[in-house]
Amino acid sequence: MSFVQISTFSLLLLLANPVGLETSFAASCKGLDQLSSLVPLPQIAAPRWHSASDLEVATAICRSKNPESSSQINRYLDLRWQNFPPASKTVTVAGIQIEGESDEAMEFLRKLLKFHPGYGPQGPEVVSKVQSLYQINPECRKVRCAVDKIWGAELGAKFLYALAKYGMNASEIRNGGASRWSQENFDTALRALRDLPQALYPLDANANETGGNMRFVHAPEGATGNMDPDSDAEVNSNALITLFSGWDKETTLSKEYIVFHELAHNLWERRAHDRDFSVLNAKWLILGAWKVKRGEMVSITPKISQYARANPAEDFAETACAYRFAPERLKSRFPAKYEFMKSNFFKDMEFMSGNNCND
Numbered sequence: 003m004s005f006v007q008i009s010t011f012s013l014l015l016l017l018a019n020p021v022g023l024e025t026s027f028a029a030s031c032k033g034l035d036q037l038s039s040l041v042p043l044p045q046i047a048a049p050r051w052h053s054a055s056d057l058e059v060a061t062a063i064c065r066s067k068n069p070e071s072s073s074q075i076n077r078y079l080d081l082r083w084q085n086f087p088p089a090s091k092t093v094t095v096a097g098i099q100i101e102g103e104s105d106e107a108m109e110f111l112r113k114l115l116k117f118h119p120g121y122g123p124q125g126p127e128v129v130s131k132v133q134s135l136y137q138i139n140p141e142c143r144k145v146r147c148a149v150d151k152i153w154g155a156e157l158g159a160k161f162l163y164a165l166a167k168y169g170m171n172a173s174e175i176r177n178g179g180a181s182r183w184s185q186e187n188f189d190t191a192l193r194a195l196r197d198l199p200q201a202l203y204p205l206d207a208n209a210n211e212t213g214g215n216m217r218f219v220h221a222p223e224g225a226t227g228n229m230d231p232d233s234d235a236e237v238n239s240n241a242l243i244t245l246f247s248g249w250d251k252e253t254t255l256s257k258e259y260i261v262f263h264e265l266a267h268n269l270w271e272r273r274a275h276d277r278d279f280s281v282l283n284a285k286w287l288i289l290g291a292w293k294v295k296r297g298e299m300v301s302i303t304p305k306i307s308q309y310a311r312a313n314p315a316e317d318f319a320e321t322a323c324a325y326r327f328a329p330e331r332l333k334s335r336f337p338a339k340y341e342f343m344k345s346n347f348f349k350d351m352e353f354m355s356g357n358n359c360n361d
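Spelled out as structure tokens, the structure:
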């Protein structure tokens, strides 16, 4: 598996699992069996696997229940690009001739088609064949026409939209080891992107240089994401962000939750480059009572979900999900963690009313 190059995580005790592998089964956590044998079972409220149920996701404040329409997406792109002057000459992008488009529009097309060498076996020769494979010129010489030819009218525009608005690159051409998104699955993933306030994007750690160009893909059909030869576990997703076959088997609302969980891992990593990160990291470990024991991070205190018991990174991602989808329960059970999320990661935005729905 290609692991995320999370420099700070790899150096800190926080990251027991650097890519946030999300399994579709209830993996056992070391020490939990011993704990349950010491405490009478009737006194233990068994936590759910994830911190929010499908119903809580469905009824969450500020959650959009419908995918963006084609007209909404095209209007967004029109408004974004109307103030950018079109190029005065023909520009070639991945072998495709583009005319009369702004530099930004052409840069988005370039990002969708420029192969990233660190993301799998698919090579740059695929990019060089885009024109011959899809016969874009001479009929098309505009960016949106080109993406329509490659991905279809709806999906192509949504890829541009996800890249322009959120800095997320869903192209299987750019991202080796990926397959093309289905329309239905991408609508679900796009809804999860909207669950995170716009003010928190882009999540790309190099956004200042890239303008936001983060991997956001579906793995090839049947790919489990499991690299352990001694285990038959299925991995739903990881923080690259890549969604595997296990994710396909989940309910639509669970799929949305899982994508948000991976966004939360990247929300943390975005802060990992700040000067005060060591202080932030230390505070999170204290809040979760995480300690090193026999070379591993362990905690026996209650957590918002069963999966949050796995390690500090999963504790963070699960707590972030609760902050977004089950805020009242999180605030009631773990007020200090609620305030930590609010002040350090969500810019004081809360989701107990509709006051932040336009942020």
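Using my numbering, the letters of the sequence shown map in sequence onto residues 3 to 361.
Cβ atoms here follow ideal geometry from the backbone N, Cα and C, with glycine treated the same way.
Whole-angstrom Cβ separation of tyrosine 168 and tyrosine 203, contact assumed at under 8 Å? Going by Cβ atoms, the distance from tyrosine 168 to tyrosine 203 rounds to 5 Å, so yes, they are a contact pair.
Taking 9 Å as the CB-CB cut-off, is glutamate 156 touching chain D? Judged by its chain identifiers, the structure shown contains no chain D, having just a single protein chain.
Please confirm whether leucine 289 and aspartate 56 have their CB atoms less than 9 Å apart. Between leucine 289 and aspartate 56, the CB-CB gap reaches or exceeds 9 Å.
How many angstroms separate the CA atom of glutamate 156 from the CA atom of glutamate 186? Rounded to whole angstroms, the gap between the alpha carbons of glutamate 156 and glutamate 186 is 11 Å.
Under 8 Å by Cβ, that's how I've got proline 314 and tryptophan 286 pegged, so tell me the actual separation to the nearest angstrom. Indeed they touch by this definition, with Cβ atoms about 6 Å apart.
If I follow the unbroken beta strand (DSSP E) through lysine 293, where does it start and stop? Counting along the chain, the unbroken beta strand (DSSP E) around lysine 293 starts and ends at 293 to 295.
With distances taken from CA atoms, which of Arg193, Lys349, Leu135 is nearest alanine 62? Alanine 62 has its Cα closest to that of Arg193, out of Arg193, Lys349, Leu135.
Give the single residue among Asn346, Glu109, Met108, Gly97 whose Cα lies nearest to the Cα of glutamine 137. Out of Asn346, Glu109, Met108, Gly97, the CA that lies nearest to the CA of glutamine 137 is found in Gly97.
What is the DSSP secondary structure of arginine 273, reduced to helix, strand or coil? Correct three-state label for arginine 273: helix.
Excluding the 5 residues flanking aspartate 232 on each side, which residues of the same chain have their C-beta closer than 8 Å to its C-beta? Below a pLDDT of 50, predicted positions are generally treated as unreliable, and aspartate 232, at 45, falls in that range; the measurement from the model is reported next regardless. Cβ within range, chain order: n/a, list empty.
Can you tell which of Arg273, Glu316, Ala274, His275 has its C-alpha closest to the C-alpha of tryptophan 292? Closest option to tryptophan 292, Cα to Cα, is Glu316.
Can you list, in chain order, the residues of its chain with a C-beta nearer than 8 Å to that of lysine 32? Leave out the 5 residues immediately preceding and following it. Low local confidence applies: a pLDDT of 37 at lysine 32 is under 50, so the model's placement there is unreliable, and no value is given.
Thinking just about the alpha-carbon of each residue, which of Arg196, Ile306, Arg335 is nearest to the one in threonine 321? The shortest Cα separation from threonine 321 among Arg196, Ile306, Arg335 belongs to Ile306.
Distance between histidine 52 and valine 59 (C-alpha atoms, nearest Å): Computed Cα separation, rounded: 11 Å.
If you draw a straight line from the alpha carbon of lysine 339 to that of asparagine 357, how long is it in whole angstroms? If you take the alpha carbons of lysine 339 and asparagine 357, they lie about 21 Å apart.
Over the uninterrupted alpha helix (DSSP H) stretch that includes methionine 108, give me the two end residues. First-last of the alpha helix (DSSP H) with methionine 108: 105 to 115.
Buried or exposed for methionine 354, please, with buried defined as at least 16 other CB atoms from any protein chain shown within 10 angstroms of its CB. Exposed: under 16 other Cβ atoms inside 10 Å.
Alanine 310 vs tryptophan 270 beta-carbon contact at 9 Å: Result no, Cβ atoms of alanine 310 and tryptophan 270 do not sit closer than 9 Å.
For asparagine 187, the three-state DSSP class (helix, strand or coil): In this structure, asparagine 187 counts as helix in the three-state DSSP scheme.
Burial state of asparagine 177 (16 or more Cβ within 10 Å): Around the CB of asparagine 177, 16 or more other CB atoms lie within 10 Å, so the residue is classed as buried.
For aspartate 276, verify whether its CB is less than 8 Å away from any heavy atom of the ligand SAH. With respect to small molecules bound, the structure shown includes none, and the ligand SAH cannot be examined in it.
Contacts around lysine 160, its chain only, beta-carbon distance under 7 Å, and the 5 residues preceding and following it disregarded: The beta carbon of lysine 160 is closer than 7 Å to those of Ile75, Phe188, Leu192 in its chain, skipping five residues each way along the sequence.
In terms of residues, what are the limits of the beta strand (DSSP E) holding methionine 299? Here the beta strand (DSSP E) through methionine 299 covers 298 to 300.
Secondary structure of threonine 61, DSSP reduced to three states: Residue state, collapsed to three classes: coil.
Exposed unless 16 or more other CB atoms sit within 10 angstroms - verdict on valine 219: So valine 219 counts as buried.
Beta carbon of alanine 164 nearer than 9 Å to that of leucine 205: Judged by beta-carbon spacing, leucine 205 lies beyond the 9 Å limit of alanine 164, meaning their Cβ atoms are not closer than that value.
Name the one or two DSSP bridge partners that serine 170 has. The amino acid occupying residue 170 in the given sequence is methionine; serine does not appear at that position. Checking the DSSP bridge columns, you'll see methionine 170 partnered with Met216.
State the DSSP-derived secondary structure class of glutamine 200, mapped to helix, strand or coil. Here glutamine 200 sits in helix by DSSP.
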